[in-house]
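In what follows, a structure is listed as structure tokens, so that the remarks can point back to it.
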Amino acid sequence: MTRLLIGIGAAALAIAVLAMAAALAGHSPADVVGVLFDGALGSPLAIRGTILKSIPLLLTGLCVVIAFRAGVWNIGAEGQFIVGAIAAWMGSPYGTIASMLAAAVAGAVWSSIATAMRLWRNAPEVLTTILLNFIAVHILGWVVNGPLRETSARYPQSDPAASALPQLAEIHAGSLISIATAIAAWWLLYRTTEGLRLRATGLNPSAARHAGINVPAQIARAMAISGAIAGVAGGVELLGVTHRLFERLAVGYGYSGIAVALLAGLHPLGSIASALFFGAFVTGAGELQRTSGISAAIATFGQAVVILAVVAAGALLTSRKPADA
Amino acid sequence: MRHAAAVLTLVSLVACGRDEAPAPPSSTSSPTLKVGLLTPGSINDGGWNAIAWEGLQRIRNEMGAEVAHQEAKTPAEFDEGFRSFGARGFDLAFGHGFEFQDAALAAGKLYPKTVFITTSGTSVAPNVSPMVFELEKATYLCGIIAARESKTGKAGVIGGIRLPSIESTFTAFKAGAQSVDPKFDVREVFTGNFDDVGAAKLATLSLANAGADFIFHQANEAGRGVFQACSERKIRCFGSNKDQSGLAPDVIVASAVLDVPRAFVHMANLVRTKTFEPGVQYLGMQEGIVALVWNERLKPTVSPETVAEVERVEKAIRAGTIAVPRGF
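Protein chains in written order, with this note's numbering: chain A, 4 to 328; chain B, 16 to 343.
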């Protein structure tokens, strides 16, 4: 309940800060907020845009939820997204299901590199996952300039993938995949012993160890699941929206996933609402730029406000209640 | 203090839109031309996106057009931006990069009355075309200057990343040089990026050591390294994309100049006068978008015969009697 209130408060704060800034810059705050809403939800085109942008955000958000719940700071959704997209492209000649599986496996393998470094060399995954993001970006740059470059070899992009996700009303099946993943993540966390062990590990690893949980193995599984979800996000985006690989394929969906997860209070089902909020925010910001020339970068600013508000609220709440330990 | 900075940043983001509010009086026939632009990044980058924004501003100022811009980073946003322009009855929408092609084709089908132009690309439909800049026409002339003025019979070209558009300008440079002397030697080096000034300098020095006494570069920011090395070795070179003479006035003989904003205005004019024809829009010297610009300080050091020859070939290129080879 508290988490829900914090989330709603943070979202409202983001919009309020934006409106205040608009007022300072001489725009009417009501107009700006009006355009933002209209651009996000005011027409079928706007709603489609909001949904399309929420899909990868929901999946990368779930990736972060699973990892953070296990107490692992997986900041690598961006890189896992990219390798997922590359694997999905390579798997696409064998059909969409094979392609999605390839994306999941690639994402899981990529996140597991960070796990391996943590378990064997105690390298902090906050660092390793970020560094793996850069490596993934460069691998993507290399494949589109080299082995997977389009057959006409003119531009640094791949040919379109051999298969694509089915579409309904111009919204690809990734919408269903992402919601199914959210429900599955909820089921995993709250309805299985695996989920109980995972949450216990995240809450207090030494208590979990004393309760007989194999903490390293638990972390390894959580990271693999987390990476697999981000990989699927990349695969879904490739087969649903971009169809081709190119260098600017991932533009921060992985990092935005952190904002989605935090706004949702690390709850898988809350992530659906949270992803829709950010999807709407980005879509509305696009409309705001087209009609009033206000830079769409405010969407990034909104994410930052939300993260700060959620973190600040969390810190205030825990400082009021002294730790029991 | 930090709060103040954060608020300032946000205000400046929001304020970006304000300076375009007062549209100048429309001098052209009504109804007002509506032109949209999608850029893949921030228009404050001082480079690729900034020149497209400048083009859009010139369309607004010179033609009294109503303009709109969106920074569209993801393919979902490309699609949405193009469709939004189409749905609002825009006459013309630009996507500033080859990656906008698929979205342009999709939106082009839905909104046949809007013309969709991508900056570079190959995709063509009745209302979708790419514009391709022919810098080759100017680099061909640079090749002629190098071959006629070189004492060693050797020149070097330095590229950043091996992109087809860059290789193509080198192909033309070589062809220009070899039209003067079929045995003229042009050596090519790619440094692998556009910002490592040191690498570009080293590459230039190595070419100078190999005997090259003219250097042409396509290394963007790293080009400064080329100019440094040329100044040290007292060998001559060419500027690219902009008139770069001011950066190294003692060694830059001429620049192959590309006026991208003018290309945007050119396309908007075609659409306004309803003379737009679908197809790859090659924009070069005829359209005033590509030119060879001499460094007036060094022009007197070049033999008058070379200057005359360059003028002759330039006229022939404009007239179409000399075909400049393209890399693709």
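For glycine and all other residues, C-beta sits at the position ideal for the given N, C-alpha and C. These figures come from a predicted structure and were not determined experimentally.
From the options, pick the residue whose C-alpha is nearest to that of residue i; which is it?
i: Phe-249 (chain A); options: A:Ala-231, A:Ala-139 and A:Ser-295; result: A:Ala-139
i: Gly-287 (chain A); options: A:Arg-51, A:Ala-24 and A:Ser-31; result: A:Arg-51
i: Pro-55 (chain B); options: A:Ala-312, A:Ile-310 and A:Ala-299; result: A:Ala-299
i: Gly-237 (chain A); options: A:Ile-222, A:Ala-223, A:Arg-194 and A:Gly-94; result: A:Gly-94
i: Gly-294 (chain B); options: B:Gln-233, B:Pro-90, B:Gly-136 and B:Gly-101; result: B:Gly-136
i: Gly-348 (chain B); options: B:Gln-296, B:Val-241 and B:Ser-138; result: Outside the displayed range of chain B (16 to 343) lies residue 348 (chain B), so it cannot be described from this structure.
i: Val-280 (chain B); options: B:Val-328, B:Asn-76, B:Ala-237 and B:Gly-62; result: B:Asn-76
i: Gly-205 (chain A); options: A:Trp-190, A:Ala-188, A:Gly-215 and A:Ala-225; result: A:Ala-225
i: Val-322 (chain B); options: B:Ala-234, B:Phe-229 and B:Cys-157; result: B:Cys-157
i: Ala-165 (chain A); options: A:Ile-116, A:Ile-89, A:Gly-79 and A:Pro-127; result: A:Ile-89
i: Gly-303 (chain B); options: B:Asp-265, B:Ile-181, B:Val-143 and B:Arg-333; result: B:Arg-333
i: Ser-3 (chain A); options: A:Ser-295, A:Tyr-258 and A:Leu-48; result: In the structure as shown, chain A begins at 4 and stops at 328. Residue 3 (chain A) is therefore absent and cannot be evaluated.
i: Ile-11 (chain A); options: A:Ala-312, A:Leu-320 and A:Ala-318; result: A:Ala-312
i: Asn-310 (chain B); options: B:Arg-251, B:Glu-203 and B:Gly-101; result: B:Arg-251
i: Pro-46 (chain B); options: B:Ser-270, B:Leu-307, B:Leu-52 and B:Phe-105; result: B:Phe-105
i: Ile-232 (chain A); options: A:Ala-80, A:Arg-72 and A:Trp-123; result: A:Ala-80
Can you tell me whether residue i is helix, strand or coil according to DSSP?
i: Glu-329 (chain B); result: helix
i: Met-282 (chain B); result: helix
i: Met-146 (chain B); result: strand
i: Leu-168 (chain A); result: coil
i: Arg-251 (chain B); result: strand
i: Leu-298 (chain B); result: strand
i: Phe-131 (chain B); result: strand
i: Phe-249 (chain A); result: strand
i: Gln-259 (chain B); result: coil
i: Ile-100 (chain A); result: helix
i: Ala-140 (chain B); result: strand
i: His-270 (chain A); result: coil
i: Val-254 (chain A); result: coil
i: Thr-294 (chain A); result: helix
i: Tyr-126 (chain B); result: coil
i: Ala-73 (chain A); result: coil
i: Pro-59 (chain A); result: helix
i: Ala-339 (chain B); result: The sequence given here places Val at residue 339 (chain B); Ala does not occur at that position. Three-state result, Val-339 (chain B): coil.
i: Thr-184 (chain A); result: helix
Going by DSSP, name the residue or residues bridged to residue i.
i: Ala-83 (chain B); result: B:Gly-51
i: Trp-309 (chain B); result: B:Ala-269
i: Glu-203 (chain B); result: B:Val-172
i: His-175 (chain A); result: A:Gln-170
i: Phe-231 (chain B); result: B:Val-172 and B:Phe-253
Verify the CB distance criterion: does residue i have a CB-CB separation below 9 Å to chain B?
i: Leu-258 (chain A); result: Position check: residue 258 (chain A) holds Tyr in this sequence, whereas Leu was assumed. Chain B contact via Cβ: absent.
i: Asn-148 (chain A); result: yes
i: Val-254 (chain A); result: yes
i: Val-2 (chain A); result: The requested residue 2 (chain A) does not occur in the structure, where chain A is confined to residues 4 to 328.
i: Ala-326 (chain A); result: Confidence at Ala-326 (chain A) is low in this model, with a pLDDT of 46, below 50, so its placement is unreliable and no value can be given for it.
i: Leu-16 (chain A); result: no
i: Ala-109 (chain A); result: no
i: Phe-3 (chain A); result: One cannot answer for residue 3 (chain A) here, as it falls past the ends of chain A, which runs 4 to 328.
i: Glu-290 (chain A); result: yes
i: Ala-164 (chain A); result: no
i: His-246 (chain A); result: yes
i: Gly-52 (chain A); result: yes
i: Tyr-158 (chain A); result: yes
Grab the span of the beta strand (DSSP E) containing residue i for me, first residue to last.
i: Ile-89 (chain A); result: Per DSSP, Ile-89 (chain A) belongs to no beta strand (DSSP E); it is in the alpha helix (DSSP H), 80-94.
i: Leu-107 (chain B); result: 107-110
i: Phe-137 (chain A); result: That residue, Phe-137 (chain A), is in no beta strand (DSSP E); its alpha helix (DSSP H) goes 128-148.
i: Gln-160 (chain A); result: Per DSSP, Gln-160 (chain A) belongs to no beta strand (DSSP E) and is neither H nor E.
Chain A beta carbons: is any one of them nearer than 9 Å to that of residue i?
i: Ala-87 (chain B); result: yes
i: Ser-12 (chain B); result: The structure shown does not extend to residue 12 (chain B), since chain B is modelled only from 16 to 343, so the question has no answer here.
i: Ala-331 (chain B); result: no
i: Thr-129 (chain B); result: no
i: Arg-177 (chain B); result: yes
i: Cys-255 (chain B); result: The question names Cys, but residue 255 (chain B) is Ser in the sequence shown. No, no contact with chain A.
i: Thr-137 (chain B); result: yes
i: Pro-315 (chain B); result: no
i: Gly-62 (chain B); result: no
i: Glu-203 (chain B); result: no
Residue i lies in the alpha helix (DSSP H); which residues open and close that run?
i: Phe-115 (chain B); result: Premise fails: Phe-115 (chain B) is in no alpha helix (DSSP H) and is neither H nor E.
i: Phe-100 (chain B); result: 90-102
i: Phe-40 (chain A); result: 32-44
i: Glu-151 (chain B); result: 151-164
i: Glu-182 (chain B); result: 179-195
i: Thr-204 (chain A); result: 196-206
Using Cβ-Cβ distances below 8 Å, what residues of the region 97-119 of chain B are close to chain C? No chain C is part of this structure, whose protein chains are labelled A and B.
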